[in-house]
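Peer 1: Once you know that position 404 of the sequence shown is 1159 in my numbering, the rest is easy, because the numbers rise by one and skip nothing.
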Amino acid sequence: GIILDESALDVNRAITRVIAHKNMHNADSRILLNATIDLVDVSDSYKLSEAICRQLHKGVFLLFGTSLPKTFNTIQSYSHALKVPYVVVTPNRNDQRDGYRYEISMSPSYIEVIIDLIKWFGWGKIYYLFDSDDGLWQLQKIYDSFRQPLLNLVVDARRIRNLSESHELLRRMDRSDSFSKKRIVISLSTAASYQLLLNQIVDVGMNRDDYHYLLGGPDIGQLDLKSFLHGGVNVTGFRLFRPSSQNELASILKPPKDPNKVRGKMRGRKISTDVALATDGINVILEAFKDMLVTCADDERCVFKTLRHGDLYNNDSKGIQCRSDPLRPWTHGDIIQKAITEVSIDGLTGNVSFNSQGIRRLQEVDIMHLQFERKLRRVGTWTIEGGFKTNLTRPGNERIKLEPNRTRIVTTILEPPFTVERAPVDGVPFTGNDRYEGFCIDLARMVAKKVGYEYVIKLVDDRSYGSKLQNGTWTGMIGELVRREADIAVAPLTITQARERVVDFTKPFLNTGISIMIKKPMKSKPGVFSFMSPLAKYVWVCIILGFLAVGIVLFLVGRFSPLEWVPEEDSEESNNVFTIGNTMWFALGALMQQGSDISPRSISGRIVGSAWWFFTLIIISSYTANLAAFLTIEKMVMPIESADDLVRQTEIKYGTLQSASTVQFFRETEVLVYNQMWNFMRDARPSVFVPTVDDGVRRVRSSKGKYAFILESAMNEYQNQRRPCDTIKIGRNLDSKGYGIATPLKSDLRDRINIAVLELREVGELHKLEQKWWYDKGECGDPGGKESSINALTLSNVSGIFHILIGGLVLAMLTAFLDFLFKKKFKGKKIQVMEFLIILIHTIRSGYVYDLIGVLRLLG
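(1) Is the beta carbon of THR1498 sitting closer than 8 Å to the one on ASP1259?
(2) By the 10 Å Cβ neighbour count, where 16 or more other Cβ atoms means buried, how is GLY1533 classified, buried or exposed?
(3) Taking the runs of the alpha helix (DSSP H) that are 4 residues or longer, which of them lie wholly in the stretch 803-837?
(4) Using a Cβ-Cβ cut-off of 8 Å (strictly less than) and excluding sequence neighbours within five positions of LEU823, which residues of its own chain qualify?
(5) Which word fits SER942, buried or exposed, when buried means at least 16 other C-beta atoms lie within 10 angstroms of its C-beta?
(6) Sort VAL940, ILE757, LEU872 by Cα distance to LEU891 and report the nearest one.
(7) To the nearest angstrom, how far is the alpha carbon of GLY1313 from that of ALA1304?
(8) So what does DSSP say about ASP1624, is it helix, strand or coil?
(9) Pairs of beta-carbons, one from the stretch 1331-1340 and one from the stretch 1290-1300, closer than 8 Å: are there three or more?
(10) So which of PHE876, THR1167, TYR1191, VAL1120 has the shortest CA-CA distance to ALA1178?
(11) In terms of alpha-carbon separation, which member of GLN1348, VAL1202, LYS1205, TYR1210 lies closest to ASP732?
(12) According to DSSP, is MET1393 part of a helix, a strand, or is it coil?
(13) Name, in chain order, the residues that DSSP records as bridge partners for SER942.
(14) So what's LEU1290 in DSSP terms, helix, strand or just coil?
(15) Rounded to the nearest angstrom, what separates ASN1015 and LYS825 at their Cα positions?
(16) In the DSSP output, which residue or residues are listed as bridge partners for PRO1499?
(17) Closer than 8 Å by C-beta to THR821: which residues in its own chain qualify, once you throw out the five before and the five after it? Chain order, please.
(18) Let me know if PRO1184 comes out buried or exposed under the rule of 16 or more other beta-carbons within 10 Å of its beta-carbon.
(19) Would ALA1415 be called buried (16 or more neighbouring beta carbons within 10 Å of its own) or exposed?
(20) Assuming GLY972 contacts TYR949 under a Cβ cut-off of 8 Å, what Cβ separation, rounded to an integer in Å, is found between them?
(21) How far does the beta strand (DSSP E) with PHE1143 in it reach, from first residue to last?
(22) With a threshold of 16 other CB atoms inside 10 Å of the CB of TRP1229, please say whether the residue is buried or exposed.
(23) Can you name, in chain order, every residue of its own chain whose Cβ lies under 8 Å from the Cβ of HIS719, other than the five neighbours on each side?
(24) Using only the alpha-carbon positions, how far apart do THR1267 and ILE1373 sit?
(25) Select from ALA1203, VAL1175, GLY1141, LEU1169 the residue whose C-alpha is nearest the C-alpha of THR1162.
(26) Specify the secondary structure class of THR1170 as computed by DSSP and reduced to three states.
(27) Hey, would you say SER786 sits closer than 8 Å to LEU1048, going by beta carbons?
(28) Within 10 angstroms of the Cβ of HIS1087, are there 16 or more other Cβ atoms? Answer buried if so, exposed if not.
(29) Could you tell me whether the Cβ atoms of ILE1269 and GLU1525 are closer together than 8 Å?
(30) Mapping the DSSP letters down to three states, classify TRP1085 as helix, strand or coil.
(31) Measuring CB to CB, does PHE819 end up less than 8 Å from GLY1036?
(32) Mapping the DSSP letters down to three states, classify VAL773 as helix, strand or coil.
(33) In angstroms with no decimal places, state the Cα-to-Cα distance between LYS1275 and GLY879.
(34) Check whether the Cβ atoms of LEU1103 and THR1034 sit closer than 8 Å, and answer yes or no.
(35) Can you find at least 3 beta carbon pairs, one from the stretch 1510-1520 and one from the stretch 1421-1431, that sit closer than 8 Å?
(36) Candidates SER1365, GLU1406, ILE1510, GLY987: which alpha carbon is nearest ASN962's?
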């Protein structure tokens, strides 16, 4: 009885043709295979159970079919309870418990090969991905094998619960230990599962250099690995079904009609390993039946004696009843199981033999390997006697030789100050590499001199750095390197994770980060009363209150203390000079560091004076120290100070380059503020994105402070040094990154250029280049330098004190005038003061000069 998954149509066709072929060409006519086939969903335990009972009821010697890990317990339960051998084509669980020995696996376990390869590669840490209990059993075997001394292995095991949604699990693996090489062992249940996971690995971008995958499936040749060919990744796997056996099986599977037509079809299409295993399974069963037929003559318990008129009887009942009470197991199940496990044949998948538990022994398997620009090929074999034998180079022993006598193509992009075109001299243009100058041009020349190669500079065709399109291809300089149209890219190329997957970068030759550029605001002029800026307003209020308090307290102390009362010469009355006016004058004189004609005689008065003098000493010293800075420095009032300020306001728009790593940073960020910035830039109308840096700078300068440009700090600092010197970088960088020289994956120049860059950094040449192209050739001066002289104070700096002086003079003249009027007019006239004040106020309110003259006449 044959039970196959409804999706295994190729296995179904193959079994039908193989059985027909065997019956036709079988030398022993006493044995003819009669198969009844059920196609069911073997992932459904109920449907699988119904199919098993249906087959057994028909009367079969054994069961044969495919399985899945999630329903393998169902197969085990029925085969164990009814003692019916069940030959399984697909890999099954290898941790057979005692008594569960009726399941015979045609697919061997590769765990011993996996362990030997881990040891041979010398891996100290692996990621282990699995999706079934069989994978868990293999994981335990790995742990057991590396418990020995000197065999240290760190295993990061992760079970995949949902193969169709493994992207996030893969991304977490990719982000962990981002600078280390990753070795990943994969143990899945079906070939379709392997292909599904590999497709997601490509989606995540883990098909690049520094990754090595070891696939534990039966035949790596069934998988589509085209996306792994050009990324620099290494993939190792096994091949059980050799090409030499393909033609042999193809001749068996061809139908009798029109053999020439079908032969072409079979040769043009790969035969799956499951078909080959199913064919070997049929051959094993046929050999077992032949062996049992030989022993039947002298055996009363002959299996074939249970057949009556073509029907199988078990304990005098027709067929095998799986729901009888009591349960009646298959009486000859042990005999059939023993006969099958004793078979040893050379099949399409190599030697086929089993241990006593029905698990196939792996005698020999081909080791297949895929690496950069080299298709999947056989690199060795593993045998149970000799282990792993290969011509594969051990990791770390590869030596890349420098290709001599070849002029290298260096691609770059026009981006001041990194690369600029040189203007003709006397009308004569420059030629060759002399056409360009800049930071990157000097760097390319220094690196070429150190490494030792000739080169020619070309500008990138599409004038872009490089971004990934939806179809997986790359634009710009990155695309030229991937397509091998250029050998080196020397430009302000930001080292990113996505680019690192398809090209190799050196160590950064210049550190940078995303920054914000705005139009430089006008410097604010000091106000009329800027001389009050050294002290806060509340300090001034406190000084005034202190002045009043000292005057009042000194007045009261003078009144209460007898020492302050001095008798007059011509009178018996005592006089006290500490009137309220004099005490206020004393306090004011001390505050202005001028003193006064009076001083307290009493101890209490002197205590008040001493405290006030100490107070004024500290206040005046502090004020004088800060006054110079506040009068000479003109401050710029920044409308924004950081990215947070940009998000919180709506008046200033902001944007970045259309195609650059900055866009990728904002698109993929998980920081809330940066995510809000990306949403604003993406939805803004009109668009806030610009094609080039120059366009962004022009937009900043022409927007009158209403546009902020987000660009990398190296370009920001350079543009701020260009006339008209009206842009400025604000805040700190939003991230930290670097510019690197890029080469194609596995380039012979990669390591040598990297060493050259490190040497240039260590001897200070890169710093000299930065100083040369940013500041020495700048047009706005070194922002870090000091001014040669102190700015002179202008009238606007000190106008306030002139206003106070003029105000004091006017007030003094007015007071003197009023004193004059009082003394002259009130001495001989009995006009009341209040009456005079009422007339004066009325006159001032009227605003006419002749009224004031009338008042004077009235007083006269």
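For each residue, glycine too, the CB sits at the ideal point set by N, CA and C.
It should be emphasised that the depicted structure is a prediction, and the values quoted were computed from it without experimental measurement.
Peer 2: Reading from the atomic positions:
(1) yes
(2) buried
(3) 827-837
(4) ASP760, VAL797, SER798, THR845, SER944, THR945
(5) buried
(6) VAL940
(7) When rounded, the distance between both Cα atoms is 14 Å.
(8) What the structure shows of the chain is the stretch from 756 to 1615, and residue 1624 is not part of that stretch, so it cannot be assessed.
(9) no
(10) TYR1191
(11) Nothing can be reported for residue 732, as the shown portion of the chain is limited to 756 through 1615.
(12) coil
(13) PHE885
(14) coil
(15) Only weak support is given to the placement of ASN1015: the predicted model assigns it a pLDDT of 49, under 50, and the question is left unresolved by the model.
(16) VAL1258
(17) Closer than 8 Å at Cβ, skipping near neighbours: ILE758, LEU759, ASP760, ALA763, VAL766, VAL797, VAL843, VAL844, THR845, ASP1029.
(18) exposed
(19) buried
(20) 5 Å
(21) Taken as a continuous stretch (DSSP letters only), the beta strand (DSSP E) holding PHE1143 covers 1142-1145.
(22) In summary, TRP1229 is buried, with 16 or more beta-carbon neighbours lying within 10 Å of its beta-carbon over all protein chains present.
(23) Beyond the ends of the chain as shown, which are 756 and 1615, falls residue 719; an answer cannot be given.
(24) 47 Å
(25) ALA1203
(26) The sequence as given places Glu at residue 1170; Thr does not occur at that position. Correct three-state label for GLU1170: strand.
(27) According to the sequence shown, residue 786 is Ile rather than Ser. The criterion of a C-beta distance shorter than 8 Å is satisfied by ILE786 and LEU1048.
(28) The residue is buried, with at least 16 neighbouring Cβ atoms inside 10 Å.
(29) The answer is no: Cβ separation not under 8 Å.
(30) coil
(31) yes
(32) In the three-state DSSP reduction, VAL773 falls in the helix class (H, G or I).
(33) 55 Å
(34) yes
(35) no
(36) GLY987
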